[in-house]
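In the numbering used here, the protein residues as written are 9 to 200. The beta carbon of each residue, even a glycine, is placed where N, CA and C say it ideally should be.
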């Protein structure tokens, strides 16, 4: 992250992600073409996560629904019976974890990188995970980072309910000529 050149766009992208962490409920999206700095901005975000947050970061989301749920359990250190691949068991354990975290005043944030690789079934299951809520807020905040195809996926009719839960979205574009020169100077200065 120290090599990250914070153009105005990158600052805005980070602000959107921080908004997602600090506010309650829904999905936050960060999209951009390959090489625009999405993952680096996300790693910068990780350095600013508040102490009262429990965070899981999934880097490779090419998973089935039960693989995703077991990965979420693994990332949050949620115990589940080994060998059982029941979606209900995973969801029950995740829900118990979310309620316990809420009772302790903690926020739970799930970040998924390369989210354009998620299947429709997995995206729908993620939406269902965000159904658990109190009168004041949802108990799971999901941040999805991906290429522009992610936006296209969310326009599918079968994902309209998930699309309605997107509370913030930012698209990172390419750098201008001036920003590119400043980017090169910044990286050289950091590298020495």
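One question on the structure: do residue 183 and residue 21 come within less than 9 Å of each other, judged by their Cβ atoms? Taking the first residue of the chain shown as 1, we reach residue 183 at position 175. Taking the first residue of the chain shown as 1, we reach residue 21 at position 13. Cβ distance not < 9 Å, so residue 183 and residue 21 don't count as in contact.
Looking at C-beta atoms only, is the number of pairs between the segment 71-78 and the segment 86-106 that lie closer than 8 Å three or more? Touching, yes.
Would a C-beta distance cut-off of 9 Å place residue 120 and residue 153 closer than the cut-off? Numbered from 1 along the chain shown, position 112 holds the residue referred to as residue 120. Numbered from 1 along the chain shown, position 145 holds the residue referred to as residue 153. Yes, the pair counts as a contact, with Cβ atoms nearer than the cut-off.
Given this structure, state the Cα-to-Cα distance separating residue 199 from residue 38, to the nearest angstrom. Taking the chain shown and counting its residues from 1, the one referred to as residue 199 is at position 191. Taking the chain shown and counting its residues from 1, the one referred to as residue 38 is at position 30. When rounded, the separation of the alpha-carbon atoms in residue 199 and residue 38 is 27 Å.
Closest residue to residue 60 among 14, 106, 112 (Cα-Cα distance): Walking along the chain shown from the start, residue 60 turns up at place 52. Answer by Cα proximity: 112.
Residue 28, buried or exposed, once every other Cβ within 10 Å from all chains shown has been counted against 16: Counting from 1 along the chain shown, the entry for residue 28 is found at position 20. With 16 or more neighbouring CB atoms inside 10 Å of its own CB, residue 28 falls in the buried class.
Would you decide whether residue 23 is buried or exposed? Buried here means 16 or more other CB atoms lie within 10 Å of its CB. Counting from 1 along the chain shown, the entry for residue 23 is found at position 15. By the neighbour-count rule (16 or more Cβ atoms within 10 Å), residue 23 is not buried but exposed.
Name the two residues that bound the continuous alpha helix (DSSP H) containing residue 130. Stepping through the chain shown from its first residue, residue 130 is reached at position 122. From DSSP, the alpha helix (DSSP H) with residue 130 extends over 128-137.
Quick test of your reading: residue 246 and residue 62, contact by CB under 8 Å. State the CB separation rounded to the nearest angstrom. Only positions 9 to 200 of the chain appear in the structure, and residue 246 is not among them; the question remains open.
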